[in-house]
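Notes to accompany the following structure.
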Amino acid sequence: MVIEAIADRLIDVGGVVAVVLGGSRAVGTARDDSDWDLGVYYSGQLDVDAIRAFGYEGQVFGVGEWSPLMNGGAWFAIDGVKVDLIYRDIAFVEHWIDEAEAGRFKVELLNGYLAGFDTTVLVGEVAVGRVLRGALPLSVPSYPSALRASAPAHWRMRRDFNLDYARAHEARGDDVAAAGLRARAAMEEAHAVMAERGEWVFNEKGLLARAGVGG
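Just so we're aligned: the sequence shown equals residues -19 to 195 in the working numbering.
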């Protein structure tokens, strides 16, 4: 199987301590055409050149090239199977697990996201991921109660701020900017709802429907 074969290769890359199946394939919500998401957990330095040397069709990015929080990874097409690698620094993830247990998280602007990418994603990946190779020296037994208590108010503060600005844009006749801010506010309300439920959010695909939030 393609996934087993690439996991075998990844675990031998310098710095890699675990290869973890994540995303919809890990939680059981995948469609037939869903990508395979593999978390490449490493300690110290990751040998990205070794991953490039695999020779798979696609693109390999450097560590930190996607963003400070999202880090980096690769997009491969292997025998017709779409495989996405996501780099995860063990020490960095451990820090955000500790922060989540204390009810704290961070959000950054990231391409393809309306509300932004937040550090609870890193925590949830450990909670639901399935280790394919190696050993992952991290654990998240459940959605942190402190995070469940703090995150809804944080997301709704962002929601309210953006709705205020949406109304200001509308008053000036800038309907496009107003619509964009309202869409972002809807995603932020959805994040708040999911945090109240103690349910992990990994991306914004289908998030409004999951949370029961109107567009």
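The C-beta atom is built at its ideal place from N, Cα and C for all residues, glycine as well.
Using 8 angstroms as the threshold, is the C-beta distance between Leu102 and Arg68 below it?
Yes, these two residues count as a Cβ contact at 8 angstroms.
Report yes if the CB atom of Ala146 is closer than 8 angstroms to the CB atom of Leu161, and no otherwise.
Yes.
Around the C-beta of Met(-19), are 16 or more other C-beta atoms found within 10 angstroms, so that it is buried, or is it exposed?
Met(-19) is exposed by the Cβ-count criterion.
The beta strand (DSSP E) that contains Ala(-2), what's its start and end?
Counting along the chain, the beta strand (DSSP E) containing Ala(-2) begins and ends at Val(-4) to Gly2.
Per DSSP, which one or two residues make a beta bridge with Val173?
Bridge partners of Val173: none, in fact.
Would you report the Cα separation of Leu116 and Arg(-11), rounded to the nearest angstrom?
Rounded to the nearest angstrom, the two C-alpha atoms are 17 angstroms apart.
Grab me the residues of Ile77's own chain with a C-beta within less than 7 angstroms of its C-beta, minus the 5 sequence neighbours each way, in chain order.
Same-chain partners within the cutoff: Val103, Val106, Leu118 and Val120.
Using three-state DSSP, classify Val193 as helix, strand or coil.
Coil, per DSSP.
Quick check on Trp16: does DSSP put it in helix, strand or coil?
Residue state, collapsed to three classes: strand.
Does DSSP put Ala33 in a helix, a strand or coil?
Ala33 falls in the coil class under three-state DSSP.
Within 10 angstroms of its Cβ, does Ala80 collect 16 or more other Cβ (buried), or is it exposed?
Ala80 comes out buried.
Which word fits Pro124, buried or exposed, when buried means at least 16 other C-beta atoms lie within 10 angstroms of its C-beta?
Looking at its Cβ environment, which holds 16 or more other Cβ atoms inside 10 Å, Pro124 is buried.
Sorted by chain position, which residues of the same chain lie with C-beta nearer than 6 angstroms to Trp180's C-beta, five sequence neighbours on each side aside?
Contacts found: Gly104.
Nearest to Ala163 by CA position, among Glu176, Gly178 and Leu143, is which residue?
Nearest C-alpha to Ala163: Leu143.
Suppose contacts are defined by Cβ-Cβ distances below 8 angstroms. Is Ala159 in contact with Leu188 by that definition?
Cβ atoms of Ala159 and Leu188: not closer than 8 angstroms.
Nearest to Ala33 by CA position, among Asp(-8), Asn91 and Gly83, is which residue?
The shortest C-alpha separation from Ala33 is found at Asp(-8).
Name the two residues that bound the continuous beta strand (DSSP E) containing Leu65.
Where Leu65 is concerned, the enclosing beta strand (DSSP E) stretches over Val61 to Asp69.
May I have the straight-line CA-CA distance separating Val(-3) from Ala71, to the nearest angstrom?
Spanning the two alpha carbons is a distance of roughly 12 angstroms.
Taking the straight line between their C-alpha atoms, what separation do you get for Asn51 and Thr9?
Going by the C-alpha atoms only, they are around 25 angstroms apart.
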